[in-house]
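K.L.:
Here's a structure for you.
2 protein chains.
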Amino acid sequence: MNEYSSKLLEKAVNELSRLPGIGKRTALRLALHLLKEDKQKVSGLAESLVKMRSEIRFCKRCNNISDTGYCEICSNLRRDENIVCVVEDTRDVLAIENTAQFSGLYHVLGGIINPIEGIGPNDLSVAPLIERIFNEDIKEIILALPPTVEGDTTGYYLYKLMKNLDITITTIARGVAVGNELEYTDEITLGRSILNRLPFENSNMR
Amino acid sequence: MNEYSSKLLEKAVNELSRLPGIGKRTALRLALHLLKEDKQKVSGLAESLVKMRSEIRFCKRCNNISDTGYCEICSNLRRDENIVCVVEDTRDVLAIENTAQFSGLYHVLGGIINPIEGIGPNDLSVAPLIERIFNEDIKEIILALPPTVEGDTTGYYLYKLMKNLDITITTIARGVAVGNELEYTDEITLGRSILNRLPFENSNMR
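In order, the protein sequence lines correspond to chains D and P. Take the first sequence: its letter number 21 is residue 21 in my numbering, and every next letter is one higher. Take the second sequence: its letter number 197 is residue 403 in my numbering, and every next letter is one higher.
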């Protein structure tokens, strides 16, 4: 007997369970939910995915997702063109924009170096970043990459590539999160936050 | 500025986050994953959902999902037609079939009574169940509904409807799960398992 009593259901479950973080059980729950929905709603979901995949564009300058040739941040004349924050993907741009603490531009790599998954510098928007440094008036590059082995590797790779160019290279501070108890902070983070301690007057603890 | 820097991305995120258990963050993660996938894969996913929703059929006898007029279980002459197990949806059929302990037929309600969500008996396959009792040679109905207020309500409703018909009505046993510590079992379950205790020789503890 077919495991799901229907080949159509089985196909949908298999397709859904290829999404990251969606196992067979969740996929079945989603598929059964969609079966109860109006046909129009299911078509709406399907169309929005296909349309997004086929029509989405990337900003010609920063490689962020954009419906237009240049994204809204790159088109904004009030942003500081001297500082460029390098991030993994769009989610990081959203996260940093939400802090309202950064008024420079971004450069979206579109991933990070991950030898296990076969992602190297050529799969990322690295060459366009270097081009930007030569062609634009960039004074500082902030590396805002994830605090993982892959993120550190990517950061180190970019640092080596850019260190002889006439720019300042910084990384975002890592340390004890605001509101976290010292006791529960992992040793590496706490250790780094001691090594990278700041003069109190610069620490924004007001 | 548009929250997701692209209307296409925003639409896809909104559609995905309407799925049960998928919040905005997960929806964004899924959408960005799909953006990195081949166009064909995204189309494949979308098509499988639309096709499933528009072409899926339900068994004319038990209301389970089926690609044919009668499902594989109802078409199987070796199943015991005298016992029918009433369940909420296809997932429960799969779960019970996986135990290999039941050789009767099923009846899939397609949901349970839920006044808060406005789901009443007329939204479920209740009338066809009663019809089956009159037209088929059913001797026992097993109610295998979820152990929730809604499941109990549905069970009680069906019991009232069927109690004067010439059939035995049973429910699946509720009690301490195999492998669970008594200490960590909730009071209601433990209490019920004491009230519904069995003679040891009938308890399948071999």
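Note that beta-carbon positions come from the ideal geometry of N, C-alpha and C, so glycine has one too.
Mind listing, in chain order, the continuous alpha helix (DSSP H) runs of no fewer than 4 residues lying wholly within the region 142-184 of chain D?
P.N.:
149-162
K.L.:
Does the Cβ of Arg197/D have 16 or more other Cβ atoms within 10 Å, making it buried, or fewer, making it exposed?
P.N.:
exposed
K.L.:
What in chain P is Cβ-close to Glu55/D, meaning under 8 Å?
P.N.:
Leu214
K.L.:
For Met207/P and Ile130/D, what's the separation of their Cα atoms in angstroms?
P.N.:
Note on Met207/P: pLDDT 45, under 50, position unreliable in the model; the coordinate value appears next. Just so you know, the alpha carbons of Met207/P and Ile130/D end up roughly 27 Å apart.
K.L.:
What in chain P is Cβ-close to Arg29/D, meaning under 8 Å?
P.N.:
Correct list: Pro226, Gly227, Arg297.
K.L.:
Mark Arg206/D as exposed unless 16 or more other C-beta atoms lie within 10 angstroms of its C-beta, in which case mark it buried.
P.N.:
A caution first: Arg206/D carries a pLDDT of 47, below 50, which makes its placement in the model too unreliable to give a value.
K.L.:
Report the neighbours of Gly44/D on chain P: residues whose CB is nearer than 8 Å to its CB, in chain order.
P.N.:
Glu221
K.L.:
Scan the region 283-313 of chain P for residues whose Cβ lies nearer than 8 Å to a Cβ of chain D and list them as they occur along the chain.
P.N.:
Hits within the stretch, in order: Asp295, Thr296, Arg297, Val299, Leu300, Glu303.
K.L.:
Any idea what DSSP makes of Ser211/P, helix, strand or coil?
P.N.:
coil
K.L.:
Closest to Val102/D by C-alpha separation, out of Glu15/D, Gly110/D, Asp92/D, would be which residue?
P.N.:
Val is not the amino acid found at residue 102/D; the sequence shown has Phe there. The residue with the shortest Cα to Cα distance from Phe102/D is Asp92/D.
K.L.:
What does the Cβ neighbour count give for Ser281/P, buried or exposed, with the cut at 16 atoms within 10 Å?
P.N.:
That one is exposed.
K.L.:
Out of Leu16/D, Ile56/D, Gly69/D, Thr68/D, point me to the one whose CA is closest to Ser254/P's CA.
P.N.:
Leu16/D
K.L.:
State the Cα-Cα distance for the pair Ala301/P and Val292/P, rounded to the nearest angstrom.
P.N.:
Approximately 13 Å between the Cα atoms of the pair.
K.L.:
I'd like the span of the beta strand (DSSP E) that includes Leu105/D, first residue to last.
P.N.:
104-108
K.L.:
Taking 9 Å as the threshold (C-beta atoms), are Thr360/P and Leu330/P in contact?
P.N.:
yes
K.L.:
Taking only beta-carbon atoms, is Met207/P less than 9 Å away from chain D?
P.N.:
Bear in mind that a pLDDT of 45 at Met207/P, under 50, signals an unreliable position, so the model cannot answer this.
K.L.:
For Asp89/D, which residues from the same chain have a beta carbon less than 8 Å from its beta carbon, with the 5 sequence-adjacent residues on both sides left out?
P.N.:
Val108, Leu109, Gly110, Gly111
K.L.:
So, do the region 29-40 of chain D and the region 166-183 of chain D have three or more beta carbon pairs nearer to each other than 8 Å?
P.N.:
no
K.L.:
Identify the contact partners of Asp67/D in chain P, using a Cβ-Cβ distance below 9 Å as the criterion.
P.N.:
Asn208, Ser211, Ser212, Lys213, Leu214, Leu215
K.L.:
Please classify Val126/D: does DSSP put it in a helix, a strand, or coil?
P.N.:
coil
K.L.:
Give me the chain P residues within the contact set of Ala12/D, using Cβ-Cβ distance strictly less than 7 Å, ordered along the chain.
P.N.:
Ser254, Leu255, Met258
K.L.:
Using the rule of at least 16 other Cβ atoms within 10 Å of the residue's Cβ for burial, across every protein chain shown, is Ile322/P buried or exposed?
P.N.:
By the Cβ-count criterion, Ile322/P is exposed, with fewer than 16 other Cβ atoms from all chains shown falling within 10 Å of its own Cβ.
K.L.:
Residues of chain D with CB under 9 Å from Glu389/P, in chain order?
P.N.:
Near Glu389/P there are no residues of chain D at all, since even the closest Cβ is about 28 Å away, more than 9 Å.
K.L.:
Identify the residues that DSSP records as bridge partners of Glu140/D: which are they?
P.N.:
Ile83/D, Thr168/D
K.L.:
Name the DSSP bridge partner or partners of Phe58/D?
P.N.:
Bridge partners of Phe58/D according to DSSP: Ile65/D.
K.L.:
If contact means a Cβ-Cβ distance below 9 Å, which residues of the region 317-331 of chain P contact chain D?
P.N.:
Gly317
K.L.:
Below 7 Å CB to CB, which residues in the same chain sit around Tyr210/P once its five sequence neighbours on both sides are set aside?
P.N.:
Once the five neighbours on either side are set aside, the close Cβ partners of Tyr210/P are Glu216, Val219.
K.L.:
Asn135/D by DSSP, collapsed to three states: which one?
P.N.:
Assignment of Asn135/D by DSSP, reduced to helix, strand and coil, places it in the helix class.
K.L.:
Taking only the alpha-carbon atoms, compute the straight-line gap between Ile188/D and Ala173/D and give it to the nearest angstrom.
P.N.:
13 Å
K.L.:
Mind checking Ile194/D: buried by the 16 CB within 10 Å criterion, or exposed?
P.N.:
Exposed.
K.L.:
Report all residues from its chain with a CB closer than 6 Å to the CB of Ile348/P; omit the five preceding and five following residues, and keep chain order.
P.N.:
Cys291, Thr376
K.L.:
Buried or exposed for Leu28/D, please, with buried defined as at least 16 other CB atoms from any protein chain shown within 10 angstroms of its CB.
P.N.:
buried
K.L.:
Check Asn196/D in the structure and name its three-state DSSP category.
P.N.:
coil
K.L.:
For Leu8/D versus Met368/P, is the C-beta spacing smaller than 9 Å?
P.N.:
no
K.L.:
Please compile the residues from chain D whose C-beta is within a distance smaller than 9 Å of the C-beta of Leu240/P.
P.N.:
Here the neighbours are Leu19, Leu49, Met52, Arg53.
K.L.:
Please list, in chain order, all residues of the same chain as Asp80/D whose beta carbon is under 6 Å from its beta carbon, the five residues on each side excluded.
P.N.:
Ser103, Gly104
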